[in-house]
Amino acid sequence: MWHGSPALPDDLWAALAPLLPPHPPRSKGRRPRLDDRAALTGILFVLRSGIPWEMLPAEMNRGCGMSCWRRLRDWQAADVWRRLHRVLLERLHAADEIDESRASLDSASVPAKKRRSATGPNPTDRGKAGTKRHLVTDARGTPLGLVLTGANCHDGPLMAPTLDAIPPVRRGRRGRPRRRPDKLHADKAYDARARHRECRARGITSRIARRGIERSDRLGRHRWVVERSHAWFNRARRLPVRYERRADIYEAFTFLQASIITLNQIQ
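What follows is the structure, encoded as structure tokens:
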């Protein structure tokens, strides 16, 4: 018997609802479509608890697990989850709660149960299959941009794609959208001339730890926030281990958690 509360934040639903695609026409004789808010509640429950879809408690009255899975898949195909994250970033920016003076960049690997797309042999886990999350945050740890790759991808070449994954964020209805921090802090895995050139090309001052000079076990006063943000992602029990065979489903969960973290920063 399920006794918990799904606890769907009203603010999250209010931000998501305008982004949802129109419902497809329903043929006669088919059972009624699962309500969108109920589907999101079921998706959140699976994300937070980490349970398999087929074990979604019937007592929640949020439909079956496969109905929620299909809604997650369809909204991912409609780019809903990325747009939701951007909407919440704009709301945070309008409240002057995004600190773009400094950003921090780092990656974290998670094991994958099977070798699928966006997985690779993890060199730090005896070559087992894994997925790597490349993340850039502002000075407060708010997720700005993220990219998912196989665990065997080197961090350095993914710096530019991760920076380019930051969406243009507008403060209110006027003004030019902004998508670049002033400074970027990263560890010595990114210490290469190409990385410094990529920062300069984007108008970013690079603060990358130098090889052979700075200790690798010291994150510094500014780089620790991205490590904390990775820990915030892993609070959602569906993310520390990738069970999803499909990369788009795991990406959808990751961006949904990014939106939840951003919403918590607003509150």
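Whatever position you read off the sequence shown (first residue = 1), add 1065 for the working numbering.
Even glycine gets a Cβ: it sits at the ideal position worked out from N, Cα and C.
Small disclaimer: the values here were computed from a predicted structure and weren't measured.
Contact test: residue i Cβ vs the ligand HEM heavy atom, cutoff 7 Å
i, result
"residue 1305", "Annotation note on the ligand HEM: not contained in the displayed structure, which lists no ligands."
Helix, strand or coil at residue i [DSSP, three-state]
i, result
"residue 1272", "strand"
"residue 1209", "strand"
"residue 1313", "helix"
"residue 1295", "helix"
"residue 1306", "coil"
"residue 1228", "helix"
"residue 1203", "strand"
"residue 1251", "strand"
"residue 1198", "strand"
Assumed close pair residue i, residue j - CB separation to whole angstroms, cut-off 8 Å
i, j, result
"residue 1287", "residue 1194", "With 8 Å as the limit, residue 1287 and residue 1194 do not qualify as a contact, their Cβ atoms being about 33 Å apart."
"residue 1253", "residue 1276", "5 Å"
"residue 1111", "residue 1307", "Not confirmed; about 14 Å, so no contact."
"residue 1140", "residue 1085", "7 Å"
"residue 1327", "residue 1200", "The pair is not a contact, with the Cβ atoms about 13 Å apart (cut-off 8 Å)."
Same chain only: Cβ atoms within 6 Å of residue i, ignoring 5 sequence neighbours per side
i, result
"residue 1134", "1118"
"residue 1226", "1212"
"residue 1312", "1182 and 1183"
"residue 1137", "1108 and 1317"
"residue 1232", "1151"
"residue 1187", "1174, 1193, 1195 and 1216"
"residue 1251", "1170 and 1273"
"residue 1334", "Absent from the model: residue 1334. The displayed extent of the chain is 1066 to 1332, so no value can be given."
Close Cβ partners of residue i (< 7 Å) along its chain, the five nearest in sequence each way excluded
i, result
"residue 1218", "1185 and 1197"
"residue 1202", "1168, 1169, 1208, 1209, 1290, 1291 and 1294"
"residue 1113", "1301 and 1302"
"residue 1284", "Because residue 1284 sits at a pLDDT of 49, beneath the cut-off of 50, its placement in the model cannot be relied upon, and the following sentence gives the value as read from the coordinates. Same-chain partners within the cutoff: 1292."
"residue 1320", "1146, 1147 and 1150"
"residue 1305", "1175 and 1299"
C-alpha gap between residue i and residue j, whole angstroms
i, j, result
"residue 1109", "residue 1298", "13 Å"
"residue 1149", "residue 1158", "14 Å"
"residue 1097", "residue 1274", "57 Å"
"residue 1161", "residue 1229", "22 Å"
"residue 1208", "residue 1303", "18 Å"
"residue 1168", "residue 1309", "30 Å"
"residue 1103", "residue 1163", "31 Å"
"residue 1263", "residue 1220", "14 Å"
"residue 1068", "residue 1248", "With a pLDDT of only 37 at residue 1068, under 50, the local geometry of the prediction cannot be trusted, and no value is derived from it."
"residue 1265", "residue 1234", "21 Å"
"residue 1087", "residue 1100", "13 Å"
"residue 1074", "residue 1082", "12 Å"
"residue 1323", "residue 1191", "29 Å"
"residue 1245", "residue 1077", "25 Å"
"residue 1315", "residue 1330", "23 Å"
"residue 1131", "residue 1120", "10 Å"
"residue 1189", "residue 1261", "26 Å"
"residue 1256", "residue 1172", "14 Å"
"residue 1129", "residue 1116", "13 Å"
"residue 1106", "residue 1123", "13 Å"
"residue 1178", "residue 1143", "27 Å"
"residue 1296", "residue 1325", "13 Å"
"residue 1259", "residue 1214", "20 Å"
"residue 1090", "residue 1267", "45 Å"
"residue 1080", "residue 1166", "27 Å"
Cβ-based neighbour list, residue i, same chain, cut-off 8 Å, excluding 5 preceding and 5 following
i, result
"residue 1293", "1206"
"residue 1242", "1233, 1234 and 1235"
"residue 1156", "1080 and 1331"
"residue 1270", "1247, 1248, 1249 and 1264"
* Asked: Residue ranges of each beta strand (DSSP E) run of no fewer than 3 residues wholly in the region 1108-1193, ordered along the chain?
  -> 1168-1176
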